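Following: one structure in structure tokens, then a few remarks.
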Amino acid sequence: MSDIPYRDVDVDGEKPGGRLMEESYLGERFSIWSWLTTTDHKRIGILYLISTTLFFFIGGAAATMIRLELFTPAGDLLTDDGYNKVFTLHGVVMVWFFLVPVIPSVLGNFLVPLMIGAKDLAFPRLNLLSWYLNILGGTFAVWAMLSGGVDTGWTFYTPYSTAFANTHVSLTAIGVFISGFSTIATGVNMIVTVHTMRPPGMGWFRMPLFVWAIYATSLIMLLSTPVLAMVLTLLVTERLLGLGIFDPNRGGDPILFQHLFWFYSHPAVYIMILPGMGVVTEVITCFSRRRVFGYAAMVYALLAIAVIGFFVWGHHMFTSGQSMYASLTFSFLSFIVAVPSAIKVFNWIATMYRGQITFEASMLYAMGFVGLFTMGGLTGLFLASVPVDLHLHDTYFVVAHFHYIMVGGMVSAFFAGLHFWWPKITGRLYPETAAQIAALLMFFGFNLTFFPQYILGNIGMPRRYHAYPDAFQVWHVLSSAGAVILAAAYLMPLGYLVWSLIWGKRAPSNPWRASGLEWQTGSPPPKHNFLANPKIEGSVYDYHPAQQPRREPSDD
Amino acid sequence: MGEVELVLPAATSAAVSTDGKLVGLLVISGLITLLVASLLGLFAVRFRRGSKAGRSRLPNWFSRELETVWTLATVGLFVAIFAWAASQDFALAVPPARSMEIHVVGKQWMWKAEHPGGQREINELHVPAGETIELVLNSQDVIHSFYVPAFRLKQDVVPGHTTRMRFHTEKTGTYRLFCAEYCGTQHSAMIGRVVVMAKEDYADWLTRQPEGDDLEEDGKKLFVSKGCAGCHYGSSQVRAPRLAGVYGSKVPLSDGRVVTADDDYVRDSILQPKRDVVAGFAPIMPSFAGALTEGELVSLTAYIRSLAVTETAR
């Protein structure tokens with residue numbers, strides 16, 4: 001059966017000047033102004049791609065400085081204040097200006113309308129506004145950085161942030177506050193689009209799981225981000241006006257801040273990971289040529305994570321002095337929220353069973369995601385167990401845990417999606433071998449960087465330390481060495497993807513022979529997405545073994 | 557480079573049981589990771605495109621059954637781990653018959669400890685082995701966290717709150733002490749050591765420390781020097797509650813609530829006197845917030861606590 005075509009990368013797409021190029025959203029007359037005022041969801045997706053890439057490299061530069069500093073036990077590269085500012089910058093930029101927007105606003109923006117056969121999102125101008133808000137918020141954060149930085153950590157714990165820090169806390173908080181509105185705008189847009197713009201024939205349970213993931217993410221964005229806005233407002237109020245809210249010397253309570261902050265920030269973790277799960281589902285089904293295993297279970301798992309994720313915030317506070325019963329309740333719920341994640345992992349693996357698997361770069365990233373996400377999730381169980389958390393909380397174990405989810409998981413998923421849809425977005429093919437090498441290098445570099453940090457945490461190395469006892473050095477050296485490899489692996493796609501824009505082969509409309517509606521239009525798509533109404537036939541994951549009739553229902 | 561460290565000493569009884577949980581979780585998650593990795597690897601090889609492996613249709617019931625089985629298995633496993641871990645909390649929640657209280661104050665960027673006999677130390681804590689010790693923790697400024705990896709315990713030290721950390725020491729030795737909650741510029745310099753000594757050695761060590769007043773004595777002096785005695789003692793002209801016998805009793809408040817006068821109540825009454833005014837008294841006491849250090853508050857509270865004891869003794 002290997003003679004049956006499973007991808008079309010060897011077929012040349014249409015040449016420039018052809019009909020498709022003239023009508024494509026890229027080919028329409030070019031001017032900076034037309035891009036900055038565009039309401040086309042595809043162009044806004046590109047704007048977001050450029051801005052999040054920029055923020056990723058700012059945050060990455062900060063991470064590089066952290067790893068360089070920690071190469072030796074003494075604090076010799078940066079001053080202590082300098083180090084504190086650098087890790088704060090890394091956290092703030094990566095969380096709010098890269099991880100939260102990157103998949104919903106880049107891939108989600110570009111793909112959700114295409115995947116449901118719509119012309120655009122429900123509110124195109126709100127979509128553009130969300131990008132400007134994101135840029136405005138980011139400008140505040142960068143401005144704070146350039147005018148001296150902020151040293152509270154991305155968690156802004158009180159009363160340090162309100163009564164003790166002499167850095168640009170308010171400026172940064174205002175930046176994050178503004179970017180929150182951008183998140184809310186995107187969330188509203190996605191929810192309304194999914195509710196109102198699906199074409200006839202695409203019921204809720206016939207949507208691609210990527211759309212479901214963006215939908216579930218948007219629900220969390222809409223319900224949790226306002227709490228972030230509130231807590232930041234209270235923080236700035238206390239800091240600038242002196243009202244006693246969190247500072248005990250003014251009658252406030254610092255623990256109140258932690259409750260409010262984590263009530264947003266724990267669901268925010270799911271804002272960051274759910275879209276990645278959506279991407280991985282699309283990629284694994286395509287390169288396994290297999291219908292997704294347990295579609296309904298995948299949907300319910302996404303929704304369960306979105307709902308239960310709101311009730312586990314207290315697991316960040318086991319050591320804060322909260323009552324034992326509160327801790328045990330949050331511990332129990334944290335174990336429960338891990339169940340749907342486990343179900344998803346099993347479903348991805350089962351999807352590969354009896355498939356026709358090929359190993360394009362996107363598939364390598366997606367398989368890396370499954371492994372690293374599993375490890376990140378399982379170490380979450382350590383931290384959900386109260387007695388074990390009393391030891392591991394605020395150590396490098398926690399740092400390793402969330403980097404396995406956020407970098408090993410989310411960033412891998414983003415790269416999987418970027419490579420998968422790159423031909424659709426740009427109309428160009430990148431060199432596959434280079435991309436495969438980058439994917440493997442990223443997996444290796446990532447593990448070398450972060451696995452030693454599990455060990456460091458277990459032997460007691462606390463977080464946010466500028467200098468540390470000699471006994472920890474071996475593991476820090478390994479971690480820093482891994483970071484060098486990881487940095488190289490991140491620069492590679494920047495090289496070959498940009499290369500492909502100019503010299504890459506033109507992509508046909510469906511290079512991977514994938515089944516979603518987005519592949520039924522040109523690469524790049526025309527301005528209004530589809531020249532003719534897309535055909536919705538069969539199930540969304542209608543990959544079928546070649547010898548079987550196409551429309552025969554099957555549940556496997 | 558220093559010596560490579562892989563295994564931490566276990567210096568408390570909690571450390572031993574926490575290590576049990578850690579190893580258990582490590583084995584379970586190691587096995588699951590292995591399972592996931594080998595299935596990924598196996599399927600990737602066996603069902604690579606064009607391989608000869610059979611790909612006949614699966615019966616429809618198969619996916620439904622499988623989905624149910626692994627959902628239930630995961631729930632069962634996770635709930636079992638939760639119950640196992642939680643059992644340790646319940647075991648530790650039972651207060652011991654007697655414990656030795658040591659007061660610890662965290663401030664940017666040092667730890668100050670005060671022993672029951674008034675001995676003080678900075679960035680060091682000496683404790684006897686084979687004893688249950690209860691640290692009473694207060695912060696002078698921002699949130700700190702008292703972390704001794706060899707004890708497998710940490711406790712945040714929160715300004716405005718009194719937190720407690722209890723452990724039973726088992727193994728003598730010198731162990732690292734860290735501040736685990738980010739607290740500003742020199743957070744990574746807020747480190748020290750905890751020395752667990754044999755009981756005789758500890759007794760010996762205590763006698764070699766410079767004589768200091770114990771907490772009560774210290775508090776008694778502060779009670780006079782800070783002006784508390786002016787209103788709360790003897791035949792003062794100002795109408796303020798007398799404090800003998802107050803500690804531990806039920807206090808009726810002017811708004812109708814009744815509270816128990818414990819450490820937190822005493823502390824709040826000093827720092828925010830207008831919050832819980834005793835029934836029958838006017839809210840005339842000024843706040844002492846900012847006028848007393850955390851250490852002084854601890855001493856004053858100890859003194860007020862001692863007034864209750866003398867009362868009952870009479």
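As they're listed, the protein sequences go chains C and G.
Each residue of the first sequence is one higher than the one before, starting from 1 at the first, in this note's numbering.
Each residue of the second sequence is one higher than the one before, starting from 557 at the first, in this note's numbering.
Where a beta carbon is used, it is the ideal one built from N, C-alpha and C, also for glycine.
Fair warning: this is a prediction, and the values are worked out from it, not measured in the lab.
Check, Outcome
"Taking 9 Å as the threshold (C-beta atoms), are C:Leu418 and C:Leu70 in contact?", "no"
"Cβ of C:Ala185 within 9 Å of Cβ of C:Ser130?", "yes"
"Determine the direct distance from the alpha carbon of G:Asp697 to that of G:Thr816, and round the result to whole angstroms.", "27 Å"
"Assess contact between the stretch 481 to 499 of chain C and the stretch 261 to 275 of chain C, defined as three or more Cβ pairs (one per stretch) separated by less than 8 Å. Is contact present?", "no"
"What does G:Ile637 reach in chain C if we use C-beta pairs closer than 8 Å?", "Phe335, Leu381, Ser385"
"For C:Pro159, count neighbouring C-beta atoms within 10 Å of its own C-beta (all shown protein chains included) and say buried if the count is 16 or more, exposed if not.", "buried"
"Along the chain, which unbroken stretches of the alpha helix (DSSP H) at least 4 residues long are found entirely within the stretch 316 to 379 of chain C?", "324 to 352"
"Note down, in chain order, each residue of its chain lying with its Cβ closer than 8 Å to the Cβ of C:Lys527, except the 5 sequence neighbours on either side.", "Glu23, Ser24, Tyr25, Glu28, Asp40"
"Distance, Cα to Cα, G:Trp626 vs G:Leu587?", "15 Å"
"Could you tell me the alpha carbon to alpha carbon distance between C:Thr88 and C:Thr72, rounded to whole angstroms?", "20 Å"
"Hey, does C:Gly137 have any beta-carbon neighbour from chain G nearer than 9 Å?", "no"
"Give the DSSP-derived three-state secondary structure of G:His743 in the structure shown.", "helix"
"Looking at the secondary structure, which residues open and close the beta strand (DSSP E) in which G:Ser701 lies?", "700 to 704"
"Looking at chain A, which residues of the stretch 226 to 259 of chain C have a Cβ within less than 7 Å of any of its Cβ atoms?", "No chain A appears in the structure shown, which is made up of the protein chains C and G."
"Thinking C-beta only, is G:Ala641 closer than 9 Å to C:Leu357?", "Note that residue 357 of chain C is Ile in the sequence shown, not Leu. Going by C-beta atoms, C:Ile357 is not nearer than 9 Å to G:Ala641."
"Give me the Cα-Cα distance between C:Gly376 and C:Leu136, rounded to the nearest whole angstrom.", "33 Å"
"Taking any Cβ of chain C, which residues in the stretch 639 to 664 of chain G have a Cβ under 7 Å from it, in chain order?", "Ala641, Ala642, Gln644, Asp645, Ala649"
"By Cβ distance below 7 Å, which residues in the same chain neighbour C:Met587 in space, the five residues on each side in sequence not counted?", "Absent from the structure is residue 587 of chain C, since the part of chain C shown begins at 1 and ends at 556."
"For a cutoff of 9 Å on Cβ pairs, would you count G:Ile699 as touching chain C?", "yes"
"Measure the alpha-carbon distance for G:Ser585 versus G:Leu622 and round it to whole angstroms.", "21 Å"
"Start and end of the alpha helix (DSSP H) containing G:Val752?", "Where G:Val752 is concerned, there is no enclosing alpha helix (DSSP H), although the beta strand (DSSP E) it sits in stretches over 748 to 753."
"Locate the beta strand (DSSP E) running through G:Gln696, then write down its first and last residues.", "Unbroken run through G:Gln696: none, as it is neither H nor E."
"Where does C:Pro73 fall in DSSP's three states?", "coil"
"Taking the straight line between their C-alpha atoms, what separation do you get for C:Leu378 and G:Val822?", "44 Å"
"Quick check: is the beta carbon of C:Pro159 nearer than 9 Å to any beta carbon in chain G?", "yes"
"So, G:Phe702 versus G:Val714, is the Cβ gap smaller than 9 Å?", "no"
"Counting only C-beta atoms, is G:Tyr738 closer than 9 Å to chain C at any point?", "yes"
"DSSP three-state call for G:Gly662: helix, strand or coil?", "strand"
"Cβ closer than 8 Å: which chain G residues qualify as neighbours of C:Phe164?", "Gln664, Asp697, Val698, Gly740"
"Short of 9 Å Cβ to Cβ, which residues in the stretch 457 to 473 of chain C face chain G?", "Asn458, Ile459, Gly460, Met461, Pro462, Arg463, Arg464, Tyr465, His466, Ala467, Tyr468, Pro469, Asp470, Ala471, Phe472, Gln473"
"Using 9 Å as the threshold, is the C-beta distance between G:Ala759 and G:Gly729 below it?", "no"
"Against chain C, does G:Ile588 count as a neighbour if the rule is that its beta carbon must be under 9 Å from one of theirs?", "yes"
"Tell me the rounded alpha-carbon separation between C:Leu392 and G:Gly775.", "37 Å"
"Are the Cβ atoms of C:Pro208 and C:Val477 separated by less than 9 Å?", "no"
"Out of C:Ala366, C:Ala481, C:Thr351, C:Ala532, which one is the CA nearest neighbour of C:Met65?", "C:Ala481"
"Quick check: the Cα distance between C:Leu260 and C:His168, rounded to an integer number of angstroms?", "21 Å"
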